[in-house]
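Following: one structure in structure tokens, then a few remarks.
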Amino acid sequence: MEGFGTTDHAKRIHQKELQVSGLTVFSDDHFMKVALREAERALEEDEIPVGAVIVCQNKVIAKGYNHTEKLTDVTAHAEMLAITSAENYLSSKYLTDCTLYVTLEPCVMCAGALHWTQIGRIVYGASDLQRGYSLLTENVLHPKTKVSSGVLEDECRQLINTFFKKLRGKE
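Okay, so the sequence shown: first residue is 2 according to my numbering, each after it adds one.
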């Protein structure tokens with residue numbers, strides 16, 4: 002019989018939905034897979050494949066993927082589009098009870114916007130060693146924001162690598 006401390010049990014908990022008092026609670030992996038589907042949409046449209054979803058009370062309330070090329074707008078990042086959608090959905094500029102799932106570590110611009118929303122939690126897949134907010138020596142996120150990283154990291158990184166290999170092949 003497995004105990005709570007075993008790796009196999011922990012993996013199943015992390016990878017599957019949980020039943021708590023009759024309510025289905027989805028794992029970080031579940032919501033990151035939704036963000037990955039958004040990133041795949043970006044890839045299909047020749048955008049840098051970053052996808053984001055915002056979850057509130059176990060429900061996806063907003064989705065976004067990069068539209069910087071399509072809209073000719075450098076601010077049309079997945080996170081920014083998801084933030085705007087979530088704020089409209091909630092009729093509030095604050096996302097304190099929400100979690101952002103994003104396939105790539107947010108850039109400084111997106112981290113700044115997330116600071117102002119006071120988002121409760123950020124979960125990202127792959128680190129961005131060239132443009133990610135963690136390159137700054139000062140934390141730009143709101144002090145109450147919790148951060149988790151590395152969720153489905155391999156899958157998230159693979160999408161980015163596929164895009165840039167394809168792009169380099171065109172040059």
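For glycine and all other residues, C-beta sits at the position ideal for the given N, C-alpha and C.
By the C-beta density criterion, P144 is exposed, having fewer than 16 other C-beta atoms within 10 angstroms. Within a 10 Å sphere around the beta-carbon of T73 sit fewer than 16 other beta-carbons, which makes this residue exposed.
In the DSSP assignment, S86 falls within the unbroken alpha helix (DSSP H) covering 79 to 91. Taking the CA atoms as reference points, G52 sits about 10 Å from K34. In the DSSP assignment, the residues bridged to V124 are Y102, S149.
Looking at K94, D29, G126, the one whose alpha-carbon comes closest to that of W117 is K94. The criterion of a C-beta distance shorter than 8 Å is satisfied by A112 and L142.
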